[in-house]
Amino acid sequence: MRSKHHRIRASRSLRVGATAAALVVSAGVAGVSSAAAAVVDPAPIGPQQWFFGQVNGVTTGAVIQVGCFGPITPGETGHPVGGQTVDVLPGAVSSSTTPLGYTGDAHQVAVDFGVPTVASKSSVLSTYAVRAPIPTSIELPCYGTGTVVFTPVPANADARPSVVPVTYVSIGLSPAS
Numbered sequence: 165m166r167s168k169h170h171r172i173r174a175s176r177s178l179r180v181g182a183t184a185a186a187l188v189v190s191a192g193v194a195g196v197s198s199a200a201a202a203v204v205d206p207a208p209i210g211p212q213q214w215f216f217g218q219v220n221g222v223t224t225g226a227v228i229q230v231g232c233f234g235p236i237t238p239g240e241t242g243h244p245v246g247g248q249t250v251d252v253l254p255g256a257v258s259s260s261t262t263p264l265g266y267t268g269d270a271h272q273v274a275v276d277f278g279v280p281t282v283a284s285k286s287s288v289l290s291t292y293a294v295r296a297p298i299p300t301s302i303e304l305p306c307y308g309t310g311t312v313v314f315t316p317v318p319a320n321a322d323a324r325p326s327v328v329p330v331t332y333v334s335i336g337l338s339p340a341s
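Per our numbering, the sequence shown starts with residue 165, numbered consecutively.
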């Protein structure tokens, strides 16, 4: 039969070992999460690549601020506030639940706000991880929800867009009731 002192020492050894193991596992998990959040170096967009779009650096919960002033009624539009961006990243670094786009034979990605029109087209991106400004000359809804569509160009049969849901928020007054 073991002495009480021996059992206490063995118990402490187990606790110290378990704590050390927990620290090693935590460090490993922290390393993975920091690697997943690592900065992506700019690289050319190429064919047969998975990608995802970002609005103001996010794929979920994206907000676009719109300058709308005075009483706002449904259907009113305004211009995006300066300093907001869009970009694309390679699909391999995605930790998002946003569906990935696929370039197919394309080597660029066009960014469209809502229904793709000449007036809503913001820019064409040809490099991953380079933020492009949302043009302040386009018109967007003063409030509500919509999508920003990242479409591979030139269009091809294998290409798939990446779609980011957005919320439009007026920096002016609230919608009229």
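Backbone N, C-alpha and C define an ideal beta-carbon position, used for all residues, glycine too.
Is G217 helix, strand or coil when you go by DSSP? strand
Any heavy atom of the ligand ZN within a distance shorter than 6 Å of the CB on P238? This structure does not include the ligand ZN; it has no bound ligands of any sort.
Is I209 near P244, with beta carbons less than 7 Å apart? no
Under the three-state reduction of DSSP, which class applies to A323: helix, strand or coil? coil
Other residues of its chain near Q218: CB distance less than 6 Å, five sequence neighbours each side excluded: D251
Put A293 into one of helix, strand or coil per three-state DSSP. coil
At which residues does the beta strand (DSSP E) containing L253 begin and terminate? T249 to P254
I think P211 touches T267, with their Cβ atoms under 8 Å apart; what is that distance to the nearest whole Å? 6 Å
So, at 8 Å on beta carbons, what are the nonlocal neighbours of A323 in its own chain, with the 5 sequence-adjacent residues on each side left out? G265, Y266, T267, G268, D269, A270, T315 and P316
Mind reading off the beta-carbon distance from F215 to V273? Whole number of angstroms is fine, and I expect it under 8 Å. 7 Å
State buried or exposed for T223, treating a residue as buried only when at least 16 other CB atoms are found within 10 Å of its CB. buried
Considering only the alpha carbon of each residue, which of L304, S287, I302 and E303 lies closest to A296? S287
Ignore the nearest five residues each way along the sequence and tell me which others in G336's own chain have a CB closer than 6 Å to its CB. C232 and F233
Would you report the Cα separation of E240 and E303, rounded to the nearest angstrom? 9 Å
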